[in-house]
Each structure stands twice: as C-alpha cells, then as structure tokens.
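Visitor: Quick one: the structure is below, questions incoming.
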Amino acid sequence: MSLEVKKSNVPFLEDNTPQYYSGYCKLELDCRVLYCQLQLLHVLPLVVVLVVVVVVVVVVVVVVVVVAVVVVEVVVVVVVVVVVVVVVVELVVVVVVKVVLVVVVVVVVGVVVAAAAVVVVVVVVVVVVVVVVVVVVEVVVEVVVVVEVVVVVVVVEVVVLVVLVVV
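Next comes the structure, spelled out in structure tokens:
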C-alpha cells in the first residue's frame with residue numbers, strides 16, 4: 629500500500645495539502661500517523677539502550693576517578709608516615725649516641741684530671757656545653773629536615789589533588 633496521496637483521486641488546496649472531506653484522504657492520513665508511531669516503537673528500545681550505556685559509562689568513570697583519588701591519598705599518607713617514622717627513629721638514635729658519648733667523655737675526663745679540681749671543672753663544663761650545643765644544633769637540623777619533607781609531601785599531595793580535580 630502506498631503512503632502517498634494520489635493527486636488524481638483527492639482534491640488538493642493551493643498549498644498542495646489534501647482536503648479532508650474525502651474519506652480516502654482521512655484514511656491515508658491515519659495510516660501515515662500509525663506508520664510513524666510504529667517507526668518510533670522500533671527506535672525507542674535503541675534510544676533506551678543508548679541512554680543506559682551512557683549512564684553506565686559515566687558511573688564507571690566517576691567510580692574509577694574516585695577510587696584513583698582514594699588510592700593516591702592512601703599512598704601519600706603511607707609515605708608521609710614512613711618518612712616521619714624513619715626521621716624520628718634517626719633522631720632518637722642520634723640523641724642516645726650523643727648522650728652516651730657525653731657520659732663517657734665526662735667520666736673519662738673526670739678520672740684523668742681528678743688531681744686538678746679546678747681544671748677538671750672547667751674542662752667538664754666546656755665539654756658538656758660543646759656537646760650540648762652540638763646535640764641541640766643537630767636536633768634542630770633534623771627537625772628542619774623533617775619539616776621540609778612534610779612540606780614537600782603536603783605540596784605534592786595538593787598538586788596531585790588539584791590535577792585530579794581538574795582532570
């Protein structure tokens with residue numbers, strides 16, 4: 629059955645549209661509407677599948693990005709904790725060794741120079757002051773190193789977060 633209206637059987641208006649007083653023309657128009665509706669029914673499942681696929685892809689991408697951000701954050705936190713633990717252990721070992729050295733130096737100097745009390749007191753005080761100054765300086769240096777490492781890690785973390793948010 630042809631979907632075109634036959635010009636010879638149905639009168640047309642000036643703008644080339646058929647007049648609706650003819651039953652043939654009304655039936656032909658109903659058939660066209662029904663045909664268009666059937667075509668939409670064929671296309672509708674494809675549109676639904678396309679929408680579902682797009683939604684699933686978007687959800688998967690969002691989940692992957694969130695998981696990546698969480699993994700990066702966990703790695704950064706673990707690195708920071710490891711660095712801090714290593715630096716603290718190093719500081720503790722350095723301080724213990726320095727204290728032991730101070731005690732050994734003080735005892736040795738005290739035994740060797742026991743005869744000259746004035747000289748011993750001056751030497752002990754000077755040695756203790758020098759060792760304490762050295763220990764304090766090294767502790768300050770180690771603390772500065774720890775602060776630098778923490779600042780670098782925090783800056784790297786902020787840069788990674790900014791990059792991930794921008795991407």
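Residue numbers (our numbering): 629 to 795.
Note that CB positions come from ideal geometry on N, CA and C, so glycine has one too.
(1) How about Glu770 and Leu719: do their beta carbons lie closer than 8 Å?
(2) Helix, strand or coil: how does DSSP classify Ala728 here?
(3) Would you please state the rounded distance, in angstroms, between the beta carbons of Val755 and Val734? I believe it to be under 8 Å.
(4) Just to confirm before moving on: does the CB-CB distance between Val691 and Val777 stay below 8 Å?
(5) Shortest alpha-carbon distance to Val795 belongs to which of Val757, Val697, Val707, Val772?
(6) Mind checking whether Val781 and Val695 have CB atoms under 8 Å apart?
(7) Smallest Cα separation from Val758: which of Leu792, Val779, Val775, Lys726?
(8) Assuming Val763 contacts Val717 under a Cβ cut-off of 8 Å, what Cβ separation, rounded to an integer in Å, is found between them?
(9) May I ask you to report which of helix, strand or coil DSSP gives Val711?
(10) From Ser650 to Val676, what distance separates their C-alpha atoms?
(11) If you draw a straight line from the C-alpha of Leu666 to the C-alpha of Pro673, how long is it?
(12) What distance in whole Å lies between the Cβ atoms of Val712 and Val774, which are believed to be in contact at a cut-off of 8 Å?
Guide: Let me spell this out:
(1) Within the sequence shown, numbered from 1, the residue matching residue 770 stands at position 142. Within the sequence shown, numbered from 1, the residue matching residue 719 stands at position 91. Contact: yes.
(2) Position 100 of the sequence shown holds residue 728. Checking the displayed sequence, the identity of residue 728 turns out to be Val instead of Ala. Three-state result, Val728: helix.
(3) Taking the first residue of the sequence shown as position 1, residue 755 is located at position 127. Taking the first residue of the sequence shown as position 1, residue 734 is located at position 106. Their Cβ separation, rounded to whole angstroms, is 7 Å, which keeps Val755 and Val734 in contact under 8 Å.
(4) As a working mapping, residue 691 is identified with position 63 in the sequence shown. As a working mapping, residue 777 is identified with position 149 in the sequence shown. Going by C-beta atoms, Val691 is not nearer than 8 Å to Val777.
(5) Position 167 of the sequence shown, counted from the first residue, corresponds to residue 795. Selected option, being the one with the closest Cα: Val697.
(6) Residue 781 sits at position 153 when you count from the first residue of the sequence shown. Residue 695 sits at position 67 when you count from the first residue of the sequence shown. No, they are not a contact pair.
(7) Counted from its first residue, the sequence shown places residue 758 at position 130. Checking every option, the nearest Cα to that of Val758 belongs to Lys726.
(8) Your numbering for residue 763 matches position 135 in the sequence shown. Your numbering for residue 717 matches position 89 in the sequence shown. So it is not a contact: roughly 17 Å between Cβ atoms.
(9) Translated into positions along the sequence shown, residue 711 becomes position 83. For Val711, the secondary structure class from DSSP, reduced to helix, strand or coil, is helix.
(10) Counted from its first residue, the sequence shown places residue 650 at position 22. Counted from its first residue, the sequence shown places residue 676 at position 48. With a pLDDT of 49 at Ser650, under the threshold of 50, the modelled position of that residue is not reliable, and the figure given next carries that caveat. Approximately 39 Å between the Cα atoms of the pair.
(11) Taking the sequence shown and counting its residues from 1, one reaches residue 666 at position 38. Taking the sequence shown and counting its residues from 1, one reaches residue 673 at position 45. About 12 Å.
(12) Looking up residue 774 in the sequence shown gives position 146. Looking up residue 712 in the sequence shown gives position 84. With 8 Å as the limit, Val774 and Val712 qualify as a contact, their Cβ atoms being about 7 Å apart.
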